[in-house]
Amino acid sequence: MPEVVVRKKIICVEEIFHEGGPVASTALRRAAALAVIRNPFAGSYIASIEGFMDDLKPLGLEMARTLVAALGGDPKSVEGYGKGAIVGAAGEIEHGALWHVPGGYAMREVLGGAKAIVASTKKVGGPGTRLDVPITHINASYVRSHFDAMEVGIHDAPRADEILLALVMTTGARIHARVGGLKASEVIGEDGLR
Amino acid sequence: MKAKIRKIATFVEETQREMEREISPPTRKAAAVAVIENPYAGKYVEDLSELMAIGEELGELLTARAVAALGIPGPSAESYGKAAAVGENGELEHAAAILHPKLGTPVRRVLGKGAALIPSSKKRGGLGVVLDIPLGHKDAAFVRSHFDGMEVRLNDAPRANEIMIAVAVTDSGRPLPRVGGLTKNQIKGEDGLR
């Protein structure tokens, strides 16, 4: 399959102290790793694309490791995750779906076997398109305090023949989480849901 | 800390390819952005000295964060810039009070030098407003390869009573500079211009 050609990478880290309420004793950190790659399938319909998922695995691992490092280096401090992709105009949404396996695999691998499905979203769009990457708890999708999202995007990407790939990790709950539901402390952690 | 900080975000952008050419080493830019409460929101205040003091604090904090995000010693930074966006209940002059009187000295302290003017931009805007931080070589403003800019944006800032302040630092110029002018090898570094 085609090689993965990276044009640029971006790392964004947010550190949130409060949002109008009491200042948290520990700030919430959210980080996104973005990579802009050439879309090897841009411009025409190609039936067989599945093999490219394996080619993306090393990039996924590198992005996941970068995220853990950006959040302080301890995989145990990561509590939420999500992923997403924006496919440039000459591609199709199915090309974004190629990211599901390598992106998810990479984060589970780096986090030591997280149980929950990795929340995700994707779209086709032009340079500057913004993507709200959904975030959920890494071991139990129903943990309500960890439902979150991080907006990402790059002003000059994706170009028509590119794909923007995103991975997101967070260190905890929304900064003033208080709408009940399953708590992180109540997670059983067997089925990935509760 | 005089500033009441709601959140801090850092962005690192690394360009590895441009127009199918490999950029080696990759060009890298980092920006650190703080979102703070505007102590003068909603009223006209003659004396803006509190914001000037906040500018001094943030100059140090944001420059240190940006340099750390690049993983380089301060003196290795090549270009810099600063910008601020004031929420709708504030005044453009509030951005000026943060950016101009006192922010520059700690920036230069962290970077070891910085003979050139720190290029800047400011605006008033709502949530998600885009800041284009102008960039110029830190020791010689006329180095043409380093005229650049970096876009930053936070979807949830600035709220009406907030100010968003950004400092950007790079370890390089544009990826493929070829429009002539003064080069970094020709810098005298005395007057901040050449």
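Chains as they are written, first to last, in the working numbering: chain A, 608 to 801; chain B, 1476 to 1669. Don't be surprised by glycine CBs; every beta carbon is placed ideally from N, CA and C. Remember, it's a predicted structure, so these values are computed and weren't measured experimentally.
Using a CB distance cut-off of 8 angstroms, Phe754 of chain A does not count as an interface residue toward chain B. Neighbourhood of Thr1538 of chain B in chain A, by CB distance below 7 angstroms: empty, with the nearest CB roughly 16 angstroms away. A straight-line Cα-Cα distance of about 16 angstroms links Glu657 of chain A and Ser651 of chain A. Among the residues of chain B, those whose CB is under 7 angstroms from the CB of Lys615 of chain A are Glu1488, Glu1489, Thr1490, Gln1491, following chain order. Taking all protein chains in view, the Cβ of Leu1592 of chain B is surrounded by fewer than 16 other Cβ atoms within 10 Å, so the residue is classified as exposed. Between Ile653 of chain A and Pro765 of chain A, the CB-CB gap reaches or exceeds 8 angstroms. For the segment 1635-1653 of chain B, the set of positions with a beta-carbon nearer than 7 angstroms to some beta-carbon of chain A is empty. Counting only runs of 3+ residues, the beta strand (DSSP E) found wholly inside the segment 1525-1606 of chain B occupies 1554-1561, 1595-1599, in chain order. Against chain B, a Cβ distance below 9 angstroms from Ile770 of chain A picks out nothing, because the smallest value is about 14 angstroms. Assigned with DSSP and collapsed to three states, Met714 of chain A falls in helix.
Asp662 of chain A: member of the alpha helix (DSSP H) spanning 659-677, first to last residue.
In the DSSP annotation of this structure, Ala1641 of chain B is not part of any alpha helix (DSSP H); the continuous beta strand (DSSP E) holding it starts and ends at 1637-1645. When CB distances to chain A are screened at a threshold of 7 angstroms, the residues of the segment 1601-1634 of chain B falling below it are Glu1626, Asn1630, in chain order. Taking a contact to require three or more Cβ pairs closer than 8 angstroms, the segment 789-796 of chain A and the segment 1520-1529 of chain B do not qualify as touching.
In this structure, Gly719 of chain A keeps its C-beta atom at 8 angstroms or more from the C-beta atom of Arg737 of chain A. Our two residues, Lys1613 of chain B and Gly1589 of chain B, have alpha carbons roughly 5 angstroms apart in a direct line. If you look at Ile700 of chain A, you'll find it in the alpha helix (DSSP H) that goes 700-704.
For Asp739 of chain A, the pairing in a beta bridge is given by DSSP as A:Glu758. Among the residues of the segment 616-635 of chain A, those with a Cβ less than 7 angstroms away from any Cβ of chain B are Lys616, Ile617, Ile618, Cys619, Val620, Glu621, Glu622, Ile623, Phe624, His625, Glu626, in the order of the chain. Val708 of chain A sits in a helix when the DSSP states are folded into three classes. Within the same chain, Ala631, Ile782 come within 7 angstroms of His625 of chain A by CB-CB distance, once the 5 residues on both sides are set aside. For the 8 angstroms CB-CB criterion, Gly698 of chain A and Phe659 of chain A do not form a contact.
The C-beta of Lys1598 of chain B comes no closer than 8 angstroms to any C-beta of chain A.
DSSP, read as helix, strand or coil, puts His744 of chain A in strand.
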